[in-house]
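The UniProt record's numbering numbers the first residue of the sequence shown as 1 and each following residue consecutively.
Just so you know, even glycine gets a beta-carbon here, dropped at the ideal spot from N, CA and C.
Data block below; observations after.
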Amino acid sequence: MNIIGNIIWLVFGGVLAAIVWFLAGVLLCITVIGLPFGLQCFKISFFVLWPFGKEIELGHFGAGGLIFNIIWLFVFGWEFAIAHLIIGGIFCITIVGIPFGLQHFKFAKLGLIPFGAKIR
């Protein structure tokens, strides 16, 4: 079932979402200061390509991860989280779209706190 969900996901917006995260990573990696944030965007973009069957574990960060998460939250994270919450809400209007909406809600969590998150 995960393979079918992932294939449908790719066709109906997964590739576009991954491209957006990847482009955000490229823009952030232009500067040296944005490099760690851009690398997180790359990590998330690969996760967005094949999300079904994967889970996110938040909270495995140290002091540096906490500082980066706070900076990320105020500068970049809230935009990504709101976008994924809106898209997830639109998907959840129909019964067929609920699994895809739940994936976007998962991305919203990851968009808020990417540093220290483990994808398994």
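Roughly how many whole angstroms lie between the Cα atoms of residue i and residue j?
{"i": "Ile3", "j": "Gln103", "result": "14 Å"}
{"i": "Phe100", "j": "Leu28", "result": "27 Å"}
{"i": "Ile7", "j": "Val26", "result": "26 Å"}
{"i": "Leu16", "j": "Leu49", "result": "9 Å"}
{"i": "Arg120", "j": "Ile56", "result": "6 Å"}
{"i": "Ala83", "j": "Trp21", "result": "12 Å"}
{"i": "Phe74", "j": "Gly13", "result": "27 Å"}
{"i": "residue 122", "j": "Lys43", "result": "Because the chain is modelled from 1 through 120, residue 122 falls outside the range shown and cannot be assessed."}
{"i": "Leu85", "j": "Trp78", "result": "10 Å"}
{"i": "Ala24", "j": "Val32", "result": "15 Å"}
Between residue i and residue j, how many whole angstroms is the CB-CB distance? I'm expecting something under 8 Å.
{"i": "Leu58", "j": "Ile113", "result": "5 Å"}
{"i": "Ser111", "j": "Phe80", "result": "The question names Ser, but residue 111 in the sequence shown is Gly. Correct: roughly 3 Å between the Cβ atoms."}
{"i": "Gly88", "j": "Ala117", "result": "Not a contact, Cβ separation roughly 18 Å."}
{"i": "Phe47", "j": "Trp9", "result": "Contact flag wrong, Cβ pair sits at about 12 Å."}
{"i": "Phe115", "j": "Gly65", "result": "4 Å"}
Residue i by DSSP, collapsed to three states: which one?
{"i": "Ile4", "result": "helix"}
{"i": "Ile119", "result": "strand"}
{"i": "Ile56", "result": "strand"}
{"i": "Val96", "result": "coil"}
{"i": "Phe74", "result": "helix"}
{"i": "Gly62", "result": "coil"}
{"i": "Ile113", "result": "coil"}
For this session: Give, in chain order, every unbroken run of the alpha helix (DSSP H) that is at least 4 residues long and sits entirely within the UniProt domain "Inner membrane component" (4-54).
Result: 15-28, 35-49
Exercise. Should the region 47-66 be called in touch with the region 80-94, which here means at least 3 C-beta pairs below 8 Å?
Worked result: no
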